[in-house]
Amino acid sequence: MSVEYQPKVIGFLCNWCSYAGADMAGTSRMGYPQNIRIIRVPCSGRVDPLLVLKCFQRGADGVLVSGCHPGDCHYTEGNYHTRRRFALLREFLDYLGIAKERLKVEWVSASEGQRFAELVSDFTAELTKLGPRSKV
Amino acid sequence: MARIGVFLCHCGSNIAGAVNISEVAETVRKLPQVVHVEDNKFTCSDPGQAAIQKAITEHKLNRVVIGACSPRMHETTFRRTVAGAGLNPYLLEIANIREHCSWVHPDQVELATAKAIDLVRRAVARVAWQEPLTPKQVGITRRALVIGGGIAGIQASLDIADAGYEVVLVEREPSIGGHMAQLDKTFPTLDCSACILTPKMTMVGQHANIKLMSYSELEDISGYIGNFRVRIKNKSRYIDVSKCTGCGECAKACPVELNSEFDLNLGRRKAIYIPFPQAIPNKYTIDKRGYPPCRVACPAGVNAQGYIALISQGKFNEALEVLRRTMPFAGVCGRVCTHPCEQECERGKVDQPVAIRTLKRFMADYELKAGREKATPVERTKEEKVAIVGSGPAGLACAYDLVRQGYPVTVFESAPEAGGLLRYGIPEYRLPKEVLSSEISYIQELGVEIKTNTPVKNLTKIFNEGYKAVFLGTGAGISQKMGIPGENTPGVLHSLDFLRQVNAGVKVNLGSKVAISGGGNAAVDAARVARRLGANEITVVYRRSRDEMPAIPSEIEEMEREGVKIQFLAAPVKVLSKESRVNGMQCIRMELGEPDASGRRRPVPIKGSEFTMDVDNVIIAIGQGLDKAMLPEGLAYTNWGTLTVDPVTLQTNIDGVFAGGDVVSGPADIISAVAAGKEAAISVDRYLKGIDMKEGRPETREKVKDVPKEGVVKKERAAMPTLELGERKGFDEVELGFDEKTAVEEAKRCLNCAVCSECLECEKVCEAEAIDHEMQDKISEEDVGAIVVATGAGVLDHTQFSIYGGGVYPDVVSSLQLERMMNAAGPTGGEVLRPSNGAHPKEIVFISCVGSRDERTGSGYCSKVCCMYMAKEAIMLKEHDPEAHSYIIYTDARGPGGKIFEDFLTRAEEAGTTYMRGQIDSVSQQDGRLLISGQGFFTNEKFNIPADLVVLATGLMPNEDASKLFQTIHVSYDAKNYLLQAHPKLRPVETAMDGIFIAGCAVAPTDVPESVTQGSAAAEYVLKLFSQEAIEAEPMTSIVDIARCAGCLLCRQVCPFQAIEAETLRDGRTVASINESLCKGCGICVVACRPGAIKLRGFGDQQVLAEVMAL
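Chains A and B, in that order, give the protein sequences.
To convert, note that position 106 of the first sequence is 106 in our numbering; the numbers rise steadily by one, no gaps.
To convert, note that position 753 of the second sequence is 889 in our numbering; the numbers rise steadily by one, no gaps.
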């Protein structure tokens, strides 16, 4: 593990809550590590677990999937599907040789700029400690 | 081949300050398919947008990437720019290099630049895969829904309605007006709140374009902007509003009074009420909260709350009428019922249950004492004759219900007199024969024919005599045998035979020592009868312990007081005799083992523990059963020897023959028999009409939840006066019942759990015939194009602030309570009084920021209106009483912005109010007054102010159920449960949901002028929407590739909007089909689709995958 190891993080954020929360972090000028690259989706329910695996395949060290808090999904139920799908995927990660901690599923609402910033900081720190991922 | 143009924005120094734009430009230029790169200081400005358009035309670009602020900011703007140049607006992708990059990594230029490059590269990769999309033109329903009838909602409704569009205004309280209606005066003009509010309310009520749905709640919203479908529950007022004149006679007659929510528990209202005099609609509402627990517990559904409420008002005859609507046995059941109602009585959770049974008896006794008038015979409206076999409680209850429906009913009784076990089982000292006879006569006076000395054993004969249906209520009148040796010895009696003889007036000889085997009511009755017949040593032998004895506890108690002993955990094994007469009984001790089928622990004999009792008589009272020989032939029996009937209809195996009571259930109590008789009557009626007997049965009764008990002062249950032990020689009644005064006092202990008691007194006095207790809630469906949410704020409960004496001292009130007192139409008639003693307060202390700016109570924000209203209230207090003096103890006092707001505070000071900057340490009581202790800010000088009244300036908070409502509407709200605006600065009345607008305190604490402003603003957005020809629907919907679709329809299961249906193709294959109008573009189905047949336009797999690959 080189000294300057910077984990590569991909984030899938839902348009209505978590992406807006990330925007709020920006508007409030809250700093967080620059490792994350955000992809906007209409709903966290749009995120295919296979897509997440693709991220790991392509070299991501960590993947964040974020959506609205349960009960607040803009599309009513999308985040429930997300929750289930990723609960399942989590179990498979071990089998694939990927540390479970590299996948984070968290709920961030549109007003939670602070929380988003903290989330990314914490996640980046955890990933830095875990080190780079060996190829799948 | 894509020709991609990349436009990088400096955003002044917002982006350029942290990201090296030129470096990004250089790198991006080299990406495949990128043909043009340029940067601009302010891309969203006019020249910036023009530059993009020029570039599109010049370089023949067919894809555009803009690296700038968040797409949530300017995606719409840039789409229009691109469209302006003739390019499809969906061939645009934005890379967020401001909120997600420059603004969060301000000091790491290298890293931020690297990230910006990544983000732009992602966008470039994606945009190559984007397809042109055409938004559909959708029509607009030009009707609006306004949720919330406070001042904001009222204003919005009036504005929209005045513009010529129809408004549906939904308000959950019986009247519109919201909290503004509770205020006395408003700041800073000191206008009387009702004076400025009621004209607007009246306009709403009378406006041709406003459909006011008061006392209604939102159930569901579906659809999208311009095309919402809304489901509203119109709660039942139980009053036909088209007939109600608001005369108020009903409220005068209503016996149920409770705290008025409008007057914040300072005043009272009736169960039938108008919340305040200027209510719109000015119609009454009946507050019903389900069935009271007593009524649900009663097998026959007797409305105990109904008659008790009337007894509490001294309306004894009317009370008896309420009972007689259900059953006729006031005196009988009032003496001997097992009272399951009292077990469930909510008053029992405060101190003791209400004496429901004795109050029932009181009504009957009252009538008998005054002389019962003969009942009017019921008009015979039906031809079909009904035969009832058995004149016990089951048969008589069945007859009672049927005769009142107009049927000719004949009751056949094998014994010489009617009543069954009521007459021949229960002893006279519990149920005097004259009481029983009076109630049986009552039934006969209604038109029921009773033929005594007429057993029925042949059903064919009955049917031949012209009877069309039969009810068998022959009971279980045979004593069960113990099966022990010596049971047939003379001197051994079986309880039912024994009681029958005594009740029939036959002389029974008993010795002085009697043993009774059993623990039920029959055993206790036998014991107490034996006492009255002269026996001295009476012992009840029961095989279990006291806890398991099934007899009525008060009966057991009286029995023991009368000198009867109980031998627990023992059972007889043999009757001993001498010269063919009983002279003793051998018993064995028992211990309790495992529970049996009834749930009681099974008694197990202890080996070798036999003992002998010296007795002259043994009375066996261990159970009752049917005598099959007495019943007609052809009937089916259960394994326990009782009649088999359908559990719902009570029909036996013979068509048209029904049965109920002990003959079906085995020995049970009277009220269960009454209930069975009533159920059978429903079956007989339906059977004779030829309609379905099972529909809607059994009837479920929803018990009222959460009966509030605050403020209920403990008071012991009235004791039943009984005959002194020395007086209990003969069979005189032992329990004497209540007198009028006691009855009224006891009835007042009732908590009126269901609020409206359904006593029906209101119906009697309503000349307009507007009352309908059977009314049901209705569901309305409305189509609207726009929605305004103005559901307002909730009231903070000041009683939780015990640190300031709230909820502890009655003279510590909330500011809203003070408003109600000051209001001339309020609970104190406009007099400001100390709740503790009704005196006028001379020294008043206001405590500011109660519940606001205090994270401990969850609302860390400032409620904005309190500084102003404290000043207002202080000024008004002075006006009410020139000798009153107010302190306002504040943390910060501001008259925030507004016209003449700060002046208002000065005015309060000039009126004599003492403003003190300080913090409160405690509020305590001293010499009948309150003492407010604290210290000044900055001076740290301690103060101790004695006061007569303390007013807590409670802040605003969202309604309790706000989050649930907002979820139903699908609008976002923040952690404090206030609505989220689309943009806090520039879009304060819009939400992220197109077509849904917000206003008033539901968004944040506001005062009246602001609520009005926001209401109008929201209305303006609605009108703006309605003035368009059509709106464009988001084209980002999903579509199924039928070539790949396997027809598994998993997508249909997961779609939250029911937008997916199954479709059968011409070749017979089933595939999924998505309704574009309903699809919201969430993409759940895309992931669920296993063959990958669904594409979400705009967020297709290829596009998102391209993003991932690029990163």
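Glycine included, every Cβ here is placed at the ideal spot set by N, Cα and C.
For Gly1072/B and Glu355/B, what's the separation of their Cα atoms in angstroms? 51 Å
With 8 Å as the threshold, decide whether the Cβ of Ala87/A is near any Cβ in chain B. no
Verify the CB distance criterion: does Leu146/B have a CB-CB separation below 8 Å to chain A? Looking at the sequence shown, residue 146/B is not Leu but His. No, His146/B lies away from the interface with chain A (no Cβ there is under 8 Å from its Cβ).
Interface partners of Pro42/A on chain B, CB under 9 Å: Met1172, Lys1216, Gly1217, Cys1218, Gly1219, Leu1232, Gly1234 and Phe1235
Output, in chain order, the set of chain B residues within a Cβ distance shorter than 8 Å of Arg37/A. Lys251, Asp254, Leu255, Arg258 and Leu1247
At least one CB of chain B closer than 8 Å to the CB of Glu156/A: is that the case? No answer is possible for residue 156/A: the residues shown for chain A start at 1 and end at 136.
With distance defined between alpha-carbon atoms, name the residue in Ile444/B, Ser1152/B and Leu281/B nearest to Val288/B. For the record, residue 288/B in the displayed sequence is Ala; it is not Val. Ranking the options by Cα distance to Ala288/B, first place goes to Ser1152/B.
Starting from Ala1083/B, trace the beta strand (DSSP E) in both directions and tell me its first and last residue. Lys1078 to Ala1083
Could you list which residues in chain A have their beta carbon closer than 8 Å to that of Gln244/B, in chain order? Gln34
Cβ-Cβ separation, Ala816/B to Ile798/B (assumed contact under 8 Å), whole Å: Reading off the sequence, residue 798/B comes out as Asp, not Ile. No, Asp798/B and Ala816/B are not in contact; Cβ-Cβ is about 14 Å, not under 8 Å.
Bridge partners of Asn156/B, per DSSP? Its beta-bridge partners do not exist; DSSP assigns none.
Does any CB atom of chain B fall closer than 8 Å to the CB of Gly31/A? yes
Gln953/B classed as buried or exposed, judged by whether at least 16 other C-beta atoms fall within 10 angstroms: buried
Would a check of beta-carbon distances place Thr128/A closer than 8 Å to chain B? no
Strictly under 8 Å for the Cβ-Cβ distance: is Ala248/B near chain A by that measure? yes
Contact set between Val47/A and chain B, taken where Cβ atoms lie within less than 9 Å: Gly1219, Val1223 and Val1240
Compute the distance between the beta-carbons of Val931/B and Ser938/B, then report whether it is under 8 Å. no
Enumerate in chain order the residues of its own chain whose CB-to-CB distance from Asn418/B is below 6 Å, with the five nearest sequence positions on each side excluded. Gly382
For Cys380/B versus Ala1135/B, is the C-beta distance shorter than 8 Å? no
Segment limits, alpha helix (DSSP H) that includes Thr213/B: Pro207 to Gly220
Please report how far the alpha carbon of Ser916/B lies from the alpha carbon of Arg46/A, in whole angstroms. 34 Å
Measure the Cβ-Cβ separation of Thr1149/B and Glu1212/B and say whether it is below 8 Å. no
Just reading off the beta strand (DSSP E) that Phe747/B is part of, what are its end residues? Phe747 to Asp750
Identify, in the order they occur along the chain, each residue of the same chain with its Cβ nearer than 7 Å to the Cβ of Leu1159/B, setting aside the five sequence neighbours on each side. Ile296 and Ala299
Interface residues of chain A facing Leu1116/B [CB-CB closer than 8 Å]: Ala110 and Ser111
Express the C-alpha separation of Lys1078/B and Thr1050/B in angstroms, rounding to a whole number. 16 Å
Cβ closer than 9 Å: which chain B residues qualify as neighbours of Asn51/A? Residue 51/A is actually Leu in this sequence, not Asn. Going along chain B in sequence order, the residues near Leu51/A (Cβ under 9 Å) are Val1223, Asp1237, Val1240, Leu1241 and Val1244.
Nearest by alpha-carbon distance to Phe867/B: which of Ala219/B, Cys1181/B, Gln1194/B and Ile562/B is it? Ile562/B
What residue does the alpha helix (DSSP H) around Cys430/B start on, and which one ends it? Pro429 to Ala433
Since His1119/B meets chain A, which of its residues come closer than 7 Å, beta carbon to beta carbon? Here the premise fails: no neighbours, minimum Cβ distance about 10 Å.
Would you mind reading off the limits of the beta strand (DSSP E) that contains Cys14/A? Val9 to Cys14
What are the boundary residues of the beta strand (DSSP E) that includes His1021/B? His1021 to Tyr1026
So for Thr858/B, helix, strand or coil by DSSP? strand
Rounded to whole angstroms, what is the Cα-Cα separation between Glu246/B and Val263/B? 26 Å
So, with DSSP's three-state summary, where would you put Arg365/B? strand
Do Asn657/B and Ala706/B have their CB atoms nearer than 8 Å? no
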